[in-house]
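To start, the structure itself, in structure tokens.
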Amino acid sequence: MKYNSVLLLLLACSFSVYAQKGKDKKIKPRDEFVPELMAKMTIDEKIAQLVQYTADGTVTGPKAGINYIEEIKKGNVGSILNATSVKYTQELQELNLKNSRLKIPLIFGYDVIHGYKTIFPITLGETASWDLEAAELSARIAAEEAAASGVHWTFAPMVDISRDPRWGRVSEGAGEDTYLGTQMAIARVKGFQGNNLMDNNTVLACTKHFAAYGAAEAGRDYNTVDMSERTLREVYLPPFKATVDAGVGTFMTSFNEISGVPATGSKFLLRDILKGEWGFNGFVVTDYTAINELIPHGVAKDSAQAGELAMRAGVDMDMVGGIYMRNLKNLLKEGKVTETQINDACRRVLEAKYDLGLFHNPYRYNDKKREKQVINKKEYLDAALNIANKSMVLLKNDNNVLPLRKEQKIAFVGPLVSDEWNIIGSWAASGDRYGYAVSVEEGINKIITDKNKVSFDKGVEILKDDRSKMQAAIENARKADVIVAVMGEFENMSGEAASRTNIDLPGIQKEFLAELKKLNKPIVLVLMNGRPLNLTWENDNMNAILEAWFPGTMGGDAIAQTLYGINVPSGKLPMTFPRNVGQVPIYYNHKNTGRPYLGATDPEQKYKSRYIDVDNSPLFPFGYGLSYTTFKYSNLKLSSNTMSMNGSIEVSVDITNTGDYNAEEVVQLYIQDKVGSVTRPVKELKGFKKVMIKKGEKKTVTFTVTPENLKFYNIDMIFTAEPGDFEITVGSNSANGLQGEFMLVK
Ligand code: GLC
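Going left to right, the sequence shown walks through residues -19 to -1, 1 to 727 as mature numbering (1 follows the signal peptide of the UniProt record, and there is no 0) numbers them.
Below is the structure:
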């Protein structure tokens, strides 16, 4: 089913069937209602709007030891996170309104990252689909289910660019590239917020983590970030800015410092850039206890000073830490923060609540009938399967060992072969795991009904050094034509607080593969993991490798359908896979340096920027992914070889499907600025299109390039395009393609 028809179906049913619970009150327009309300509020009531506590649901951070129920009874709370279900949120809202003199509703937030109940591939995996409609649709469905469960606000999209697979949170983002990450961020905000936040099947989105959290030194979570303003603005900020332009309602500050200033206390980030330069009118919530953490960061001597720093920096809401509740009133009395600052923060929060319709009807998300009808609808599960299929990345397929044939006898082995827990990944909100998520074994059994054709053995665990079941698995594999090993990480080996110094397949999985290899049968490795892994040995020893990420609720069906060719893999890597962890950080849009190593043919082998023990190239580059068919690129054409400052160039290329399967291809456009007033990357992604091309068919794909695509922060930190020579590369990944040149002229 084409996405737009599913999207329309979703929107239609959300209006026709689910008229909201209770009636909206008729109230004044926002710009009258909010000021009139604030005029009645005491300073305590204003400060309460800036306070968020966590309920008893999901745990997403260290214990804060605050009794949120008591605080709600005192009218001290503006928002609650981690409360879900119509029943629970309704109870808390009733408790709040009973104790709120001015009947100001709570706003309920929750981490709906890649699905609420119906879980989609982890965001890094979904990004591998390079399908913006898919990203918008999964966010739309997540919003439908979350809203039906009483949730008003999601702490997503996470838009942190990262070039370091040691960092576990790469699993939650869109990978290493600014352009791809920006497009995905926009799609996700649109999906979550829909066309009108007043519709009760939409949720407020929250762009996080502001900013540059993915650049933590050594990939160690929460670690120091230190970079030039140029790199910050060119690489890490664009996805954030794009979500402001897309109308995102909230931002979340990050835990890290940037060049000495913690983001949660950074006036430069929050007031100068976000609210100033970018004109952001929503509100800023901190990450979990991030104000308290200004003390260990060493920029605040106590919680009072931490609160002062955060308020002056432009933080509007304190997540869990209780610092605003305990200190703001005294800070105001001491003249360390101003009433204007508090009023501005309070206004932003009240306006968001107004936009959600919570003043019109605080229970408009509390509809038990809708909750039952919406969760895990078949079309949601169908969409989850479709998107998981599109996220599959085929990294190797020697002698077309894939797709498998139904007449073959296959031994499915590995610790994740029957897994229903890890398959939906981390940050899986209220997603059901055991007994609900579809395992690979379950998916295979739907396709292969002859039980003699398949066998399933774990053989080893993910981490434990337990060899007790390995031999039995090997014996079964001995009888097979092909071995399929389903391996990878635990879901909690990526995500928050899950950095790894070793990015190999964990445990003795590789040892098991080596034993299986002695059987001299083709081996297909299927991976479930939350980050790029070091697959150098696997690439040398496996016949095929399929990167499945953590593919979500329908993951087992997606993997099975891909293995048997019902789905033709079309995913492309959103992050570079290194040859080993020593290469990290390694990414495609790197600088050339003064001594670029030109590879084995370089006459100068020593005094070049290279390693003496491994090639500079990655194992698998950004944008890489194979298909069951083959594509031939030809006939690259530029409409002109010069572009004026207000002109544009049309770039076209022909792609022929020269293989045996109808398949999708992600055509990628990269541009290199050959000479600039500062050094420029060897190439940058500036466009992509995912197109279906039938076998034997040829399609022409076109891109429009304008000076806007060529802008960067020049030697004077002015964002501009400079005249000069540019090289265009169009291909199926970042490592090669057809090339053309043009000149930008004044
Ligand atoms: C966590 C995460 C953040 C999440 C928040 C609320 O610590 O860093 O991404 O949204 O707390 O759960």
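Glycine included, each C-beta is placed from N, C-alpha and C at the ideal position.
Buried or exposed: residue i, going by 16 or more other Cβ atoms within 10 Å of its Cβ?
i, result
"residue 167", "buried"
"residue 693", "buried"
"residue 27", "buried"
"residue 275", "buried"
"residue 711", "buried"
"residue 588", "exposed"
"residue 656", "exposed"
"residue 1", "Only weak support exists for where residue 1 lies, its pLDDT of 48 falling under 50; the coordinates are left without a value."
"residue 507", "buried"
"residue 490", "buried"
"residue 532", "buried"
"residue 209", "exposed"
"residue -8", "Unreliable positioning characterises residue -8 in this predicted model, as indicated by a pLDDT of 47, which lies under 50. The coordinate reading is nonetheless provided below. Label assigned to residue -8: exposed."
"residue 376", "buried"
"residue 9", "exposed"
"residue 100", "buried"
"residue -19", "Reliability of the predicted coordinates at residue -19 is poor, the pLDDT of 39 falling under 50, and no value is obtained from them."
Identify every residue that forms a DSSP beta bridge with residue i.
i, result
"residue 681", "635"
"residue 187", "231"
"residue 725", "624, 705"
"residue 528", "374, 508"
"residue 613", "637"
"residue 547", "None; residue 547 has no bridge partner."
"residue 665", "652"
"residue 299", "32"
"residue 619", "632"
"residue 644", "674"
How about residue i and residue j: are their beta carbons less than 9 Å apart?
i, j, result
"residue 807", "residue 528", "The chain is shown only over -19 to 727; residue 807 falls outside these bounds and no answer can be derived."
"residue 147", "residue 200", "yes"
"residue 414", "residue 401", "yes"
"residue 504", "residue 549", "no"
"residue 331", "residue 318", "no"
"residue 642", "residue 683", "no"
"residue 191", "residue 232", "yes"
"residue 256", "residue 293", "no"
"residue 553", "residue 109", "yes"
"residue 428", "residue 547", "yes"
"residue 408", "residue 94", "yes"
"residue 234", "residue 301", "no"
"residue 169", "residue 219", "no"
"residue 172", "residue 119", "yes"
"residue 467", "residue 421", "yes"
"residue 19", "residue 328", "yes"
"residue 406", "residue 488", "no"
"residue 298", "residue 60", "yes"
"residue 398", "residue 524", "no"
"residue 653", "residue 707", "yes"
"residue 412", "residue 56", "no"
Just to confirm, does residue i get its C-beta within under 8 Å of one of the non-hydrogen atoms of the ligand GLC?
i, result
"residue 300", "yes"
"residue 676", "no"
"residue 190", "yes"
"residue 717", "no"
"residue 105", "no"
"residue 477", "yes"
"residue 62", "yes"
"residue 37", "no"
"residue 41", "yes"
"residue 437", "no"
"residue 139", "yes"
"residue 297", "no"
"residue 269", "yes"
"residue 700", "no"
"residue 232", "no"
"residue 236", "yes"
"residue 635", "no"
Hey, is residue i's beta-carbon within less than 9 Å of any beta-carbon in chain B?
i, result
"residue 148", "Protein chain content of the structure displayed is limited to a single chain, and chain B is not contained in it."
Taking 8 Å as the cut-off, is the C-beta of residue i nearer than that to any heavy atom in the ligand PLP?
i, result
"residue 321", "The ligand PLP is not part of this structure, which contains only the ligand GLC."
Worksheet item: In the stretch 81 to 168, which residue ranges form an unbroken beta strand (DSSP E) of at least 3 residues, counting only runs that do not cross its ends?
Response: 88 to 91
Worksheet item: Quick one: complete beta strand (DSSP E) runs, 3+ long, within the stretch 389 to 464?
Response: 391 to 394, 435 to 438
Item to complete: Enumerate, from N- to C-terminal direction, the unbroken beta strand (DSSP E) stretches of 3 or more residues contained entirely within the stretch 190 to 263.
Response: 231 to 234
Discussion item. What ranges does the beta strand (DSSP E) occupy inside the stretch 5 to 74, keeping only unbroken runs of at least 3 residues that lie completely in it?
Written reply: 32 to 35, 60 to 62
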